[in-house]
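Residue numbers (my numbering): 1126 to 1496.
C-beta: ideal position from N, C-alpha, C; glycine also.
Source: prediction; values computed, not measured.
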């Protein structure tokens, strides 16, 4: 083999450097660096020339060197309570899509809603020198030493779904209070009078908001709040099953469940007890999924904008990373009540004049539920 061919092979095997790109595109190293780092002062003609050279040479910037130079890794961390919960994959996807749009990568940790695991995840992400962290906070407080470490590292946090003002007031959440009010008000319009709640863990902010929306909706509808009809769960199927047995033994005629997984547990408990929905009790669940069309009856749900939640939280975090020091942001995304069959409008309308009156007050909702 000739020495010329050997030299060509060595050149191809060797990774292209920023100097190779500068020579190929006939610009300075500083211009290449400006294009790679997406600086706006480089003109379109030069930018196109540099980008063509990058593609031709298959140039990959030295990310480690870049992070040491600008003290950033272009990586954000995200900690969620339970990636097996079908709510969170779409939230994570929204955050990742937004991060990648801005040139950031995302590292994901799962806390299992355990404070100890959450603390280990925060410490791990800090050791990886992430530029910021998205956090759905587990119940209970961080210890003072961890809060001090976070303060010294001085990276931004944005909370997702749950607030925790001791860490930061930047948060993107859903309007869980309004979603719960909508759910219970719809049950009341369906003629339900003894309405129960299977809630989330009352030590976390969104479970509290959903309980308060439930309680205030009962009051607004002129219904009695009965503490025996309020059962605390933990957002998992097993707790919905246990809570279902406890709640349904008191024979409520309407049930609002604060998340989808606990709804599955409730329906399993109802089946064991020989109770049927909507004949024995109306049901509204929190959060909606494409596969709910296979449930019978089809479930009335309060849909939460999952992808938007993750995307807007990541956008806010990146603004903070890149120097935005404006006033703290608490953004609430509106839920959407999706009316189907599980509250039993059609069933109640056939049972007597009282239900017919209720139906006439809510003609639009009834028509939607029959469809």
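Please look up how many angstroms separate the CB atoms of residue i and residue j, rounded, as I've assumed it's under 8 Å.
i	j	result
residue 1384	residue 1360	5 Å
residue 1323	residue 1258	About 31 Å; that fails the 8 Å criterion.
residue 1353	residue 1375	5 Å
Residue i: buried (16+ other C-beta within 10 angstroms of its C-beta) or exposed?
i	result
residue 1170	exposed
residue 1144	exposed
residue 1437	buried
residue 1459	exposed
residue 1193	Annotation note: pLDDT 47 at residue 1193 (below 50); position unreliable, coordinate value reported separately. When all chains shown are included, residue 1193 counts as exposed.
residue 1252	exposed
residue 1184	buried
residue 1382	buried
residue 1162	exposed
residue 1302	buried
residue 1461	exposed
residue 1431	buried
residue 1270	exposed
Using the three-state DSSP reduction, which class does residue i fall into: helix, strand or coil?
i	result
residue 1282	strand
residue 1252	helix
residue 1349	coil
residue 1205	strand
residue 1156	helix
residue 1469	coil
residue 1325	coil
residue 1316	coil
Going by DSSP, what residues sit across from residue i in a beta bridge?
i	result
residue 1289	1293
residue 1402	According to DSSP, which records beta bridges pairwise, residue 1402 is partnered with nothing at all.
residue 1427	1411 and 1462
residue 1144	According to DSSP, which records beta bridges pairwise, residue 1144 is partnered with nothing at all.
residue 1384	Looking at the DSSP assignment, residue 1384 forms no beta bridge with any residue, so it has no partner.
residue 1389	Per DSSP, none; premise fails for residue 1389.
residue 1231	1201
residue 1298	1457
In the DSSP assignment, the alpha helix (DSSP H) including residue i goes from what residue to what residue?
i	result
residue 1457	Note, residue 1457: premise wrong, no alpha helix (DSSP H); beta strand (DSSP E) at 1455 to 1458.
residue 1218	1212 to 1226
residue 1508	Nothing about residue 1508 can be reported from this structure: the residues present for the chain run from 1126 to 1496 only.
residue 1329	Premise fails: residue 1329 is in no alpha helix (DSSP H) and is neither H nor E.
Tell me where the beta strand (DSSP E) around residue i begins and ends.
i	result
residue 1356	1355 to 1357
residue 1257	1257 to 1260
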